[in-house]
Amino acid sequence: MEILRAENLTKKYGKGESEVIAVDNVSFSVEKGEFLAIVGSSGSGKSTLLHLLGGVDRPTSGKVYVDGKDIYSLNDDNLAIFRRRQVGIIYQFYNLIPILNVEENITLPCDLDGNKVDENRLNELLKSLGLENRRKHLPNELSGGQQQRVSIGRALINNPAIILADEPTGNLDSKSSEEIVELLKMTNKKYKQTIIMITHNLEIANQADRVLTIEDGRIIS
Amino acid sequence: MKILNKLTIKSLKLNKKRTLVTIIGIMLSTALITVVAGMITSGIATLKEYNKKTSGDYQVEFKDVQTQDLSYIEENRNIENYFLTSNIGYANLEGSANEDKPYVNIIGIDSSAQAKLPITIDEGRLPTNSSELLISKSIITNGEVNLQVGDKITFDVSKRLLEDKELTQDDILTPDEHLESMYGKEYTIVGIMERLNFDLEPYSAPGYTVFTYLDVNNLGSKANIFANFTKEGAKNYQEVLCNILGLDANYEKEHNYIDIMELSTGKTKDEIGSKYNIAINTDVLQFEGVGINSSYIRMLYLIGIIVVAIIIISSVFVIRNSFAISITERTRQYGMLSSIGATKKQIRKNVLFEGFILGIIGIPLGILLGVGVNFILSIILNNLIGKIIDNVTFIYSLPVVAIIFSIILAGVTIYFSCRSSARRAAKVSPIDAIRSNADIKISGKKVKSPKIIKKLFGVGGDIAYKNLKRNKKKYRTTVISLVVSIAIFISITSLVQYGFNISNQAFTDYKYNLMVSISSAEDKNEAFNTYKKIANDEIVNSYSVTRFLFGTMDMKDVKFSNEGKKYYNSMDAMVDGATYQLIIVSVGDEEYQRYIKDLGLNYDDAKDKIILVDDFERYVYNEDGSYKKYVGDMFDYKNGDEITFSLSGDSMKVASGVTTQIIASTTQKPMGFEASSYNRLCSSK
Ligand SMILES: Nc1ncnc2c1ncn2[C@@H]1O[C@H](COP(=O)(O)OP(=O)(O)OP(=O)(O)O)[C@@H](O)[C@H]1O
Ligand SMILES: [Mg+2]
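Written out as structure tokens, the structure reads:
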């Protein structure tokens, strides 16, 4: 079943002389439960594409369908609501809120939705992330790997349709990297979680179901 | 608690210093607003008390009401409270040196009247029984009758009659009147008081006021009733008065209650057709928010509003800054929140919540501080006023309404302070968070600075210019600060100006403080010497000696403006043989020179010519009560036009065919004529 489809996606920055076409007429689709890796050289447009898929940045032209719904037909506020319900984003630099503790950071999307946090789900998540004993810790009291696990927890808490990860291991040593990739693979298997992950590490990319290569904003394979 | 609010509180706690500074800012501006509100309410309360003390605690006096009719006024639903006095009668004051005041007027007052009338005792005490007497000091100073506390005096208590009509203090002494004795009574003088104000004892009253004690259960046939209106009644006091006085309220309303006004300024009830004579205590009534002459209250409020507005505007700019810093520091955080799905509305609300929390702490502290400062100020003021004016205490009054008002305004201040930050935070895009940009966004376009900037300020100027251009926000902030500084400057200057204007209106329609008029000067030299003596007195700052002549012209020779023509046509005055009367005023050389200078004219050009004072405002009433207003220029004379008229002076000598030149036409009037709206010509001789 198709969960996500990009149609003729284009994103341009700037105008005239300084115009940059970061994503150039890209079309592809992703099946539910698929683990997709995106590779490409620096500046090729990977992050830009990911943001377009996650409803973080509006495209210059083209469409993105998630679960059959054209997400850019939504207004800003509804797009924000779409993000917190349907998309989990993981960044290279974790982007946790420094003054909230582990538990609060993870439940943030839930709280924003005004929903009561499902304690069972939270406990299960914390356990599978190996953070049971770190619930009340602040991000700066955690290692890089642990922080990234918190941000994975935050991405998963609302049961999103897709997980978008932008070089989630880019900032970690090889051991931690491995742990994170294992974790992602595990959620992919266990919860049939759709994952799209950008990486520079071909070894990691090769563990994915499919690899897209991007060059100059275009998919070349 | 919602997570976003928790986040705000946490970050406020984390940035203790800035939080504290912001709270202090809020506190100070709230305190300032409270102080202004408190000073206004206290000022008004003080004025109110002061006026009650000096003019009496009543709003209107109905004079000589038949005893059986009293209840009609007492029970009127628009009357809040009242007290009574009784005119016991007149008696000859043996040996009075003032030939216009040969009597004493004996008035009975009970203890409530004693408390509420503006009686200032100089010596002795108030009367406590009906054979004790409190006398006016002017019997001694003006009447030169030497009475002292403890003296016994026998009065032949009488009615003052003109033919069959009983006269009162409102009727001046007439040669044909006489006293009709009722009974003789011996009184003991127990006190001496200051002369009563002219509402209670008119200047022209023929009897000096003396008070004795009145038993209200034993009133004579008539009594004076002094009443305060209810709040509602005070608002429509003219209508209420019409009803009580038996005047046609509708007719009066259409004519701006002219009869009520004339009745309260000296016309008698018979001239108006009213049931009673009345005296309105405007000093007190104006504080009930009625439009008699509440100029100084309006002025107080207006100054208050402007000051508060300035406080709010400047506070907004101070507090705003600390919100802006707080938001800038957390741009990344808002971007992050946005990327995980916080809506713009949630983020905007979150910033407003920050303002709310700071307000919850800052406003009560500010109110407390303001109340404290007010309290201290009122103590200081009391010491100052007490030393300057006797008998006045500055009343400290800060009603709950004023506090609520301050809280609301402080809230408004905070809202405006964080509104723009809230909008800015809501605009932060998730991408910004991820890239974590600084406040400077380099726009794609190249910023070119004009060559002149480089030339004038060198490379430094060039960079500064580019910086300003690139960082539009800072650029805007700088411009806005400048604009606000200018705006504040302008509002303060116009405040001062406005204040002066209004106080001029409130306190003086006239540019002079004293007018001495000698109308029947048989001996011109004596009159001249009197003027000279006054003019040279050291307390006189400036003066003008004014004299009139009348000039007459044929109506058809006068160059009227269109408005003037319309007016006289509507009066059917534009007929053959009708004459127009000009009033020619001479103001003396000194004032004329000053006046000329004010008008921007040259004295040598103007000295033997005339200045046309041309401002007119006339109402023509139709029978149905409607009216038409004529206003503007009455004449059509140009500067330099000649004008010819016949002259008639006070000695009726007539010179015909006088021709002179109009040097200017103006609406400005020289000292001595401000209050008049008649058309006059001014000349120096
Ligand atoms: N906000 C922006 N304004 C202008 N150009 C931009 C902006 N964001 C990205 N670009 C340009 O778009 C292109 C693609 O950028 P993107 O960040 O998607 O690359 P990337 O593939 O993620 O690179 P990396 O592997 O280094 O993360 C780059 O040339 C970049 O300079
Ligand atoms: Mg990237």
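Chains as they are written, first to last, in our numbering: chain A, 1 to 221; chain B, 222 to 906. Think of the CB as a built atom: it goes at the ideal place given N, C-alpha and C, for glycine as much as any other residue.
Interface residue (Cβ-Cβ distance to chain A less than 8 Å): M557/B is classified as such. By a beta-carbon distance limit of 8 Å, I832/B contacts I884/B. Their separation comes to about 6 Å. Distances from the alpha-carbon of I220/A to those of V23/A, L4/A, S18/A put V23/A closest. Using beta-carbon distances, E141/A does not count as an interface residue toward chain B, since no partner is under 8 Å. Within chain A, A80, R84, L112 have C-beta atoms less than 8 Å from the C-beta of A563/B, given in sequence order. Ligand 2 has a heavy atom closer than 7 Å to the beta-carbon of D166/A. Look at the beta carbons and you see the segment 50-67 of chain A touching the segment 2-21 of chain A: at least three pairs across the two are nearer than 8 Å. Closest in C-alpha terms to M776/B, from the list I532/B, L355/B, K786/B, comes K786/B. Taking a cut-off of 8 Å for Cβ pairs, the segment 777-796 of chain B and the segment 745-756 of chain B do not touch, as fewer than three such pairs fall below it. Taken atom to atom, the span from the alpha-carbon of F626/B to that of K237/B is near 29 Å. Identification of chain B residues near H200/A by a Cβ-Cβ cut-off of 9 Å yields none; the smallest Cβ-Cβ distance measures about 17 Å.
DSSP lists T773/B as the beta-bridge partner residues of Q802/B.
Counting along the chain, the unbroken alpha helix (DSSP H) around V621/B starts and ends at 621-648. Counting only the Cα atoms, Y13/A lies some 46 Å from I582/B.
Using a Cβ distance threshold of 8 Å, G170/A and Q86/A do not count as a contacting pair. Approximately 7 Å separates the beta-carbon atoms of K490/B and K496/B; this is inside 8 Å, confirming the contact. If you draw a straight line from the Cα of S782/B to the Cα of D857/B, it comes to about 5 Å.
The continuous alpha helix (DSSP H) containing K185/A extends over residues 174-190. Contact annotation: I244/B and L579/B have beta-carbon atoms nearer than 8 Å.
In the structure shown, H137/A adopts coil according to DSSP, grouped into three states. With the criterion CB distance below 6 Å from any heavy atom of ligand 1, the matching residues run Y13/A, G14/A, V20/A, A22/A, G40/A, S42/A, G43/A, S44/A, G45/A, K46/A, S47/A, T48/A along the chain. In this structure, Y279/B lies near N449/B, with their beta-carbon atoms less than 8 Å apart.
Remark: C-beta atoms of M197/A and P160/A do not approach each other more closely than 8 Å. From the beta-carbon of P109/A, the residues of chain B found nearer than 7 Å are I561, G562. Proximity to T773/B across Y801/B, N445/B, A470/B, N319/B peaks at Y801/B, based on C-alpha coordinates. At least one CB atom of chain B sits nearer than 8 Å to the CB of L100/A. From the beta-carbon of D209/A, no residue of chain B is found nearer than 9 Å; the closest lies around 26 Å away. Our two residues, R239/B and N571/B, have alpha carbons roughly 18 Å apart in a direct line. Under the three-state reduction of DSSP output, G583/B falls in the helix class. Between the segment 137-157 of chain A and the segment 101-113 of chain A there are three or more C-beta pairs closer than 8 Å, enough to call the two in contact.
Leaving aside the five residues that flank A334/B on each side, the residues in its chain whose CB is nearer than 8 Å to its CB run, in chain order, F304, L305, T306, L435, F447. Within a 10 Å sphere around the beta-carbon of D173/A sit fewer than 16 other beta-carbons, which makes this residue exposed. Counting only the Cα atoms, T433/B lies some 10 Å from T409/B. When Cβ-Cβ separations below 8 Å define contact, E103/A makes no contact with chain B. A straight-line Cα-Cα distance of about 43 Å links L249/B and R134/A. Here I864/B is bridged, per DSSP, to T881/B.
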